[in-house]
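Undergrad: The opening residue of the sequence shown carries number 7 in the working numbering; numbering runs sequentially from there.
Think of the CB as a built atom: it goes at the ideal place given N, C-alpha and C, for glycine as much as any other residue.
Below you'll find the structure I mean.
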Amino acid sequence: MATIAPTAPTPQGIDPALVIDFNYYNDKRYERAGGIHEAIIGLLEKAPDVFWSTELGGYWVIQGYESIVDAAARTDLFTSSNMALPPREVRASEEKFLPLNMDPPNHAQFRAPLNQAFTPSQMHKRIDQIRELAVDLIEAIVPRGEVDFFAEVTEKLPVLIFIDLMGLDRADFKPYRALAKAAVASSDTEVRSEALMDAVRLLSAQIANRRAAPCDDLISRLLELEIDGQPVTDAQLLGYCKLLFFAGLDTVANAMTFAMRYLATDQALQQRLRDEPEKIPHAMEELLRRHGVAPVVRQVTKDEAWRGFNLRAGDMVLLNYPGANIDERVFDHAQEVDIDRERINHIVFGSGVHRCVGRHLARIEMVVLLEEVMRRLPTFRIAPGARISMTGGSVLSIDALPLVWDAA
Ligand code: HEM
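As structure tokens, then:
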């Protein structure tokens, strides 16, 4: 079985004080610190704003808020065309994830059609369907008093909604989830590329079906796109569908699970949200800020001394968004969940031109979940003795969330 690339020697020109071993898939600090975000807090305290990790073939890690915003804006220096860690050669003929792998100025024309499909008002039309499903899932577990909340609720809610949005089949929930998980969280390069190939096969078949018989779903709507005045090709459609598939199948489920895990440890906050449900949308932003789930990768395009760091063309870079959002220089008492915080200018959904297309949908789903949990579930806690296991990678994830409450 192929594994992650061996530890790489530090290139010349990098200050040894900037060298730290950090493997963003499964770093040893995650378990030691008691969680991925806790490990990231440790790194923010001990490591420089920008450091060089010798793991995964060697890569820069940018963790400070200001530095990440700057890097995300410098698309001339940090390209999105190669986002693989460990790095690998991207062939010119290789199908891109659209619009993610495009840089300005080309990015805008590929992004515009998605902006239209994912507007706040388009997403808001789905709120009743989201609420109905949330209510069903929560009502089904209330009498049980003890469940894996991830398996029963936070994994199902956003993934089933996404399956409906794309016009996929709910019966394939399990294989879709397995593919998404392998593709974003496996540290094994072969497992990741096999999952990607399986997803390509599956989505190509869906595209062919919709070409033959369009329906009322996102894939069918994407068929009508024009890019540069030309009808969208099947290869371009696949580029969109691949990205939506991986972006939609894992992110919200994990963001919800981290939020629920935190709430299970803070009964006073639970009570407050039950008493003051109007605070839930703001509380959701704060829970998201404290528990960002999506670091992203870039590649350096040219040699440059950027903010005093000697970057070389071809270097890989991790923009560690979850770290930026707990940067004490930007958020007072950043490690605490404080729903009375006035400004929550987090960048959990990214910064710059690639800011998340699905953020309006994600926010609606998270607010509805919290509203229905607070309305229907008695005070809940982590099951006694439970060890919560987490995985890093391009979506930080929790494998199971055993919760208990006093069933009526
Ligand atoms: C809590 C949930 C989510 C989080 C934290 C999140 C986070 C992010 C981040 C950080 C980026 C920037 C990527 C970069 O700069 O390279 C991004 C981009 C993107 N996200 Fe999300 N995402 C979430 C949910 C979703 C959902 C539900 C969808 C679609 C159904 C989605 C679709 C996309 C797309 C298409 C892009 C690429 C935008 C572009 O390249 O212009 N995301 N997301």
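1. Any idea if ILE350 is buried or exposed, counting beta-carbon neighbours within 10 angstroms, 16 or more meaning buried?
2. Rounded to a whole number of angstroms, what is the C-alpha to C-alpha distance between GLU72 and ALA90?
3. What are the uninterrupted segments assigned as alpha helix (DSSP H) that are 4 or more residues long and contained completely in the stretch 40 to 125, given in chain order?
4. Roughly how many whole angstroms lie between the Cα atoms of ASN88 and VAL343?
5. Would you say SER357 and VAL75 are within 8 Å of each other, going by their C-beta atoms?
6. What is the DSSP secondary structure of GLN18, reduced to helix, strand or coil?
7. Quick check on PRO237: buried or exposed, where buried means 16 or more other Cβ atoms within 10 Å of its Cβ?
8. Quick one: give me the first and last residue of the alpha helix (DSSP H) that ARG387 is part of.
9. Tell me the DSSP secondary structure of ASN351 in three-state form.
10. From THR16 to GLY314, what does the alpha carbon distance come to, in whole angstroms?
11. Leaving aside the five residues before and after VAL379 along the sequence, list all residues of the same chain whose C-beta is less than 7 Å from its C-beta, in chain order.
12. Contact defined as beta carbons within less than 8 Å: I believe LEU255 pairs with ASP223. What is the distance between those atoms, to the nearest angstrom?
13. Report the option in MET372, HIS366, ILE42 whose CA atom is closest to the CA atom of SER127.
14. I need the straight-line Cα distance from GLY398 to GLY41, nearest angstrom please.
15. Below 7 Å CB to CB, which residues in the same chain sit around ILE26 once its five sequence neighbours on both sides are set aside?
16. Considering only DSSP beta bridges, list what ASN416 is partnered with.
17. With burial defined as no fewer than 16 other Cβ atoms inside 10 Å of the residue's Cβ, what is the status of MET266: buried or exposed?
18. Rounded to a whole number of angstroms, what is the C-alpha to C-alpha distance between GLY64 and GLN273?
19. With respect to 7 Å, is the separation between the Cβ of CYS362 and the closest non-hydrogen atom of the ligand HEM below this value?
20. Determine the contact status of PHE252 and ALA406, defining contact as a CB-CB distance below 8 Å.
21. Let's test the definition: count the other Cβ atoms within 10 Å of the Cβ of PRO384 and tell me whether it reaches 16, buried, or not, exposed.
22. Following a CB-centred definition, is THR60 positioned closer than 7 Å to any heavy atom of the ligand HEM?
23. Hey, is GLY356 close to the ligand HEM, as in C-beta under 7 Å from one of its heavy atoms?
24. Short of 7 Å in beta carbon distance, which residues of its chain neighbour LEU325, apart from the five on each side in sequence? Order them along the chain.
25. Smallest Cα separation from LEU24: which of ASN32, LEU49, ALA39?
26. Given HIS339, which residues of its chain have a CB within under 7 Å of its CB, disregarding the five upstream and five downstream residues?
27. For ARG176, which residues from the same chain have a beta carbon less than 8 Å from its beta carbon, with the 5 sequence-adjacent residues on both sides left out?
28. Nearest-angstrom Cα distance between ILE388 and GLU152?
29. Could you pull the start and end residues of the alpha helix (DSSP H) that GLN305 belongs to?
30. Given this structure, state the Cα-to-Cα distance separating SER99 from LEU275, to the nearest angstrom.
31. Exposed or buried, which one is ALA8 when buried takes at least 16 other CB atoms within 10 Å?
TA: Walking through what the data contain:
1. Burial call: buried.
2. Rounded to whole angstroms, GLU72 to ALA90 spans 24 Å at the Cα level.
3. Runs found: 42 to 52, 71 to 79, 113 to 123.
4. VAL343 has its alpha-carbon roughly 35 Å from the corresponding atom of ASN88.
5. SER357 places its beta carbon less than 8 Å from that of VAL75.
6. Of the three classes helix, strand and coil, the one that applies to GLN18 here is coil, per DSSP.
7. Exposed is the label assigned to PRO237, since fewer than 16 other Cβ atoms lie within 10 Å of its Cβ.
8. Not the alpha helix (DSSP H): ARG387 falls in the beta strand (DSSP E), residues 386 to 388.
9. Looking at ASN351 - three-state DSSP - the assignment turns out to be coil, as it is neither helix nor strand.
10. Cα to Cα, the separation comes out at about 17 Å.
11. For VAL379, where only same-chain residues beyond five positions count, the Cβ hits under 7 Å are ILE144.
12. With 8 Å as the limit, LEU255 and ASP223 do not qualify as a contact, their Cβ atoms being about 16 Å apart.
13. Nearest in C-alpha terms to SER127, of all of MET372, HIS366, ILE42, is HIS366.
14. The alpha-carbon of GLY398 is positioned some 10 Å away from that of GLY41.
15. Excluding residues within five positions, the ones whose Cβ falls inside 7 Å are ALA53, PHE57, SER59.
16. Outside the modelled stretch of the chain, which goes from 7 to 414, sits residue 416, for which no answer is possible.
17. Classification for MET266: buried.
18. Between GLY64 and GLN273, the C-alpha separation is close to 42 Å.
19. Yes.
20. At the C-beta level, PHE252 and ALA406 stay beyond 8 Å of one another.
21. With a threshold of 16 other beta carbon atoms within 10 Å, PRO384 falls short and is exposed.
22. Checking every heavy atom of the ligand HEM against the Cβ of THR60, none is found closer than 7 Å.
23. Remark: the C-beta of GLY356 is in contact range of the ligand HEM, defined as less than 7 Å to any heavy atom.
24. Closer than 7 Å at the Cβ level, and outside the excluded window around LEU325, lie ILE68, ILE74, ALA77, ALA78, PRO301, VAL302, ARG304.
25. Residue nearest to LEU24 within the set ASN32, LEU49, ALA39 is LEU49 (criterion: CA-CA distance).
26. For HIS339, where only same-chain residues beyond five positions count, there are no Cβ hits under 7 Å.
27. So the qualifying residues of the chain are LEU166, ILE169, ASP170.
28. ILE388 and GLU152: Cα-Cα distance of roughly 9 Å.
29. No alpha helix (DSSP H) holds GLN305; the beta strand (DSSP E) holding it covers 302 to 306.
30. The straight-line gap from Cα to Cα measures roughly 52 Å.
31. The predicted model places ALA8 with a pLDDT of 37, which falls under 50 and marks its position as unreliable; any figure quoted below should be read in that light. It is exposed - the Cβ of ALA8 has fewer than 16 other Cβ atoms within 10 Å.
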